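Numbering (our numbering), first residue to last: 14 to 158.
Think of the CB as a built atom: it goes at the ideal place given N, C-alpha and C, for glycine as much as any other residue.
As the structure is a computational prediction, the values presented were derived from the model and not from experiment.
Okay, so here's the structure we're looking at.
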């Protein structure tokens with residue numbers, strides 16, 4: 014069974030906005046998803062946040078097209094009342110992080126990928142940066158760095 018990765022807003026933004034310092038490892042995560050070596054997941058909340066930032070750079074229609082392409086290989090987890098209640102009653106200072114975390118936990122996510130590892134107070138799901146995750150994977154044969 015393929016590993017299930019939750020992809021947080023900052024990782025998607027690193028790729029779509031080509032943030033130099035973070036791009037390579039974030040793009041590596043997406044390459045794994047495109048190659049169907051892992052299953053990628055996020056929430057509608059994440060996509061709404063991503064759209065808010067990328068529309069300023071790319072415009073509305075181009076931003077929608079970027080998200081349509083992203084949807085070809087990333088799955089959307091639902092956020093039900095139970096998830097909202099868990100996030101509201103958790104140790105998370107950032108409500109959105111709580112929503113992501115408990116949605117991932119509810120849907121048996123293997124690793125939550127974010128740049129804000131310290132923001133995640135609960136640790137029932139491994140929390141890693143894209144760089145940490147990519148360094149934990151064996152180098153595939155026939156690729157060039």
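Here DSSP, grouped into helix, strand and coil, assigns residue 125 to strand. Secondary-structure assignment with DSSP links residue 16 through a beta bridge to 51. Residue 90 is bridged by DSSP to 56. With respect to residue 88, residue 115 sits apart: the two C-beta atoms are not nearer than 8 Å.
One Cα belongs to residue 92, the other to residue 136, and the distance between them is close to 19 Å.
Burial of residue 113 is indicated by the presence of at least 16 other C-beta atoms within 10 angstroms of its C-beta. With a cutoff of 8 Å on beta-carbon distance, residue 19 and residue 99 are scored as not near each other.
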